[in-house]
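Numbering (our numbering), first residue to last: 13 to 123.
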């Protein structure tokens, strides 16, 4: 939530990628591998959010949603197949799409 809001309001025109690390909780506590989200492909089309086969996980999904939030109303397609997105990432995606009811007529995500 907070990361997505920062990206949505920050001036990120010159950033090429965002790297983030998440701390695991529970029995597997420790650092998880860093996630790198390439922003350049997201800039190529203001009508698509495509992260297919990029293991971005929840934090990467939050980064991508925050990055595209300024033009989310123009989204036509969202494709997130094989991205390791869990409940937290799905919540970020829902916030992005529910904030723009006309957005994303084509949603591809695993069931």
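Built from N, CA and C at the ideal position, the CB exists for glycine as well.
Predicted, not measured: the structure shown is a model, and the values here were computed from it.
- Within the model, the alpha-carbon separation for residue 96 versus residue 75 is close to 14 angstroms.
- The distance from the Cβ of residue 60 to that of residue 77 is about 13 angstroms, inconsistent with a contact at the 8 angstroms cut-off.
- By the C-beta density criterion, residue 84 is buried, having at least 16 other C-beta atoms within 10 angstroms.
- The beta carbon of residue 48 is closer than 6 angstroms to those of 29, 31 in its chain, skipping five residues each way along the sequence.
- If the five residues before and after residue 98 are omitted, its C-beta is found closer than 6 angstroms to the C-beta atoms of 70, all from its own chain and listed in chain order.
- Less than 8 angstroms divides the Cβ of residue 63 from the Cβ of residue 92.
- According to the DSSP secondary-structure assignment, residue 29 is paired through a beta bridge with 50.
- Nearest in C-alpha terms to residue 66, of all of 50, 110, 107, 108, is 50.
- By the C-beta density criterion, residue 101 is buried, having at least 16 other C-beta atoms within 10 angstroms.
- In this structure residue 108 is in contact with residue 81, their Cβ atoms being roughly 6 angstroms apart against a cut-off of 8 angstroms.
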